[in-house]
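In terms of the numbering used here, the sequence shown opens at residue 178 and continues consecutively. Comments concern the structure below.
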Amino acid sequence: MTTHSSQNNSSTATNSQAQSKGLLRGRFSEATDAFVEAFTASVTFDQRLYAQDIRGSVAHAHMLGNIGVLQKDEVEQIVDALEQISAEIEAGSFVWSVPLEDVHMNIESRLIDLIGDTGKKLHTGRSRNDQVATDIRLYLRDAIDRIAAKQTDLLNALLDLAEQHIHTIMPGFTHLQAAQPITFGHHLMAWFEMLLRDRERLLDCRKRVNKLPLGAAALAGTPYLPDRESVARALQFDGICANSLDAVSDRDFAIEFCAAAALTLTHMSRWCEELVLWSSQQFNFVELPDRFCTGSSIMPQKKNPDVPELIRGKTGRVNGHLMALLTLMKSQPLAYNKDNQEDKEPLFDAIDTLEDCTTALLGLVPNIVANKEVMREATLKGFTTATDLADYLVRKAVPFRDAHEIVGQAVQRAVTLGKTLEELSIEELNGPDSSVITQDVYQVLSLEGSVAARDHAGGTAPSQVSAAINHARQHL
Ligand code: ARG
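See below:
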């Protein structure tokens, strides 16, 4: 750029200025600071939106064709070039440029390289603000569909495992103390219920993700009067964002996804905590497949449940992403602000983490082997039928509080004698002050009798667990 040409504002001077100062810098007197250029760029992480960006651009080009802003052959040229760009990206031959800032400018710049002035027309009636909001929504919608499908597989895997363990007795816990006998199938169906709600939440969130921002342009809409409904249909959106300011600025849909993901991971973390405990030598309730466990670098005997531990650990980062996005959104005035560029890394990582953890559990769950005898022994040792004994006394007209006392003393005797409740004689069960307990008590003290007695919707009786599984199979 010569002093002369910069003074006389000729069109040649403007072009050369644009080249030397960088893209979008017509109104500036100097080039972007090198640090600022890298600091404000998002291309290193938003390039993963390339397929959605291209899909959105194709739909936008067709819309511009339909309203007469582009000629038919121009639309074709643009669509062909965008397909070529997509192929270049997938082949790894596309050169991503940080000075071009983001995925949108990288692709648009390549489009202009390929087809010249026609490529420059694509951005008519559009802004990166509605473009990026569209891209993220498309990306998240695809991710939700993939994850929900995996969740369905995992739900089915839980049903299959639960079905194998309708009659497997284990101690149910409160305060991590053996409380009452339950079936392992019933326990697994509790996990199932959690995940079922998680999938429901995700699919509900999808409804609000699946709205089209395009047409909002920078913030106020565009004078080209786009046919937004037809763009929405072309991109399989359920409708359009109703307000242009809201369309380009809010990221509540991403926050909602992270909330659903955080809750799902929180549930998974609970299951994983149980798997870690149960696979320990102290519990020894289950075996996890060797290929899902790792060894220790120093202790040769170790078989560590790294996969469940990692899922438990990864819950923290998804909770963190939810907090990051809530804080990102808070206090932002309408409409678009650059702050929103910070939505992508937390969102992408929340998606990846949720997807990976679901995949991991999908590998793990069908291969959980229950040590039925150990579970049974633990149930017997835990005096878990004490409540059944109290209920037995109530049926014999003993007030519940007195029954509680009598049973408490029987448990104490069992502890002293080193016996289970079932092993106590009638005299030992009654103690010196009672004679209410008779021979028929042993049915009540059996583990099978105890679980079978809880025979109502939501109870642990095998017949109920079986009904719950059948009902679930019909509704999945
Ligand atoms: N990279 C930007 C983002 O992720 C795209 C939108 C840029 N818009 C703007 N007005 N600077 O949010």
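Just so it is clear, CB atoms sit at the ideal spot from N, CA and C, and this is done for glycine as well.
Nearest to residue i by CA position, among the options, is which residue?
i    : options                : result
M506 : I417, L200, F430       : F430
T345 : R650, N647, V642       : V642
R323 : K549, E599, L594, D529 : D529
P329 : A591, V309, E377, T399 : The displayed chain sequence assigns Thr, not Pro, to residue 329. Nearest of A591, V309, E377, T399 to T329, Cα basis: E377.
R447 : S640, L291, T536, E486 : E486
L338 : L541, M476, L422       : L541
N461 : M552, C534, F525       : M552
T443 : Y401, T492, Q458, L379 : T492
V526 : L539, K515, F434       : Checking the sequence shown, residue 526 turns out to be Asp, not Val. Answer by Cα proximity: F434.
A437 : F414, V495, N481       : V495
L372 : L538, L499, G349, A555 : L538
R385 : A367, E370, R318       : R318
L414 : L391, L396, W455, V621 : It should be pointed out that residue 414 corresponds to Phe in this sequence rather than to Leu. It is L391.
L502 : R489, L524, A367       : L524
G199 : G245, H648, V275, A649 : V275
Q518 : A563, I313, D375       : I313
A320 : Y227, E532, E451, A393 : E532
T597 : L622, V246, Y316, T311 : L622
M240 : D404, D250, V280, Q586 : D404
A555 : L402, L335, W455, S304 : W455
Should residue i be counted as a contact of the ligand ARG given a C-beta to heavy atom distance under 7 Å?
i    : result
Y513 : yes
R225 : no
H281 : yes
E474 : Residue identity check: residue 474 is Ser in the sequence provided, not Glu. Result no, Cβ not under 7 Å from the ligand ARG.
D509 : Note on identity: in this sequence residue 509 is Gln, with Asp being the wrong assignment. False, no ligand heavy atom lies under 7 Å from that Cβ.
V309 : yes
Q518 : yes
R305 : yes
S219 : yes
K521 : yes
Give me the Cβ distance between residue i and residue j, rounded to the nearest whole Å; I'm assuming they're in contact under 8 Å.
i    : j    : result
N283 : V220 : 6 Å
V463 : A547 : 6 Å
T441 : G302 : 39 Å between Cβ atoms; not a contact.
Q229 : L315 : 4 Å
D294 : D223 : About 27 Å separates the two Cβ atoms, so there is no contact after all.
Would you say residue i lies against chain B (beta-carbon separation less than 8 Å)?
i    : result
P485 : No chain B is part of this structure, which consists of one protein chain only.
Cβ pair count under 8 Å reaching 3, the stretch 250-266 against the stretch 205-216
Taking one beta carbon from each stretch, the stretch 250-266 and the stretch 205-216 have fewer than 3 pairs nearer than 8 Å; the two do not touch.
Examine the Cβ distances between the stretch 502-522 and the stretch 424-443 and report whether three or more of them are shorter than 8 Å.
Flag = yes, the stretch 502-522 and the stretch 424-443 touch.
Would you be able to state if there are at least three C-beta pairs under 8 Å between the stretch 404-415 and the stretch 229-244?
Verdict: yes, contact present.
Closer than 8 Å is the cut-off here; do at least three beta carbon pairs connect the stretch 551-568 with the stretch 354-365?
The stretch 551-568, when compared against the stretch 354-365, does touch it at the 8 Å Cβ threshold.
Are the stretch 360-369 and the stretch 467-476 touching by the rule of at least three beta carbon pairs closer than 8 Å?
No: fewer than three Cβ pairs fall under 8 Å.
Is there contact here, the stretch 259-269 with the stretch 278-297, by at least three beta-carbon pairs under 8 Å?
With a cut-off of 8 Å on Cβ pairs, the stretch 259-269 is in contact with the stretch 278-297, counting three or more such pairs.
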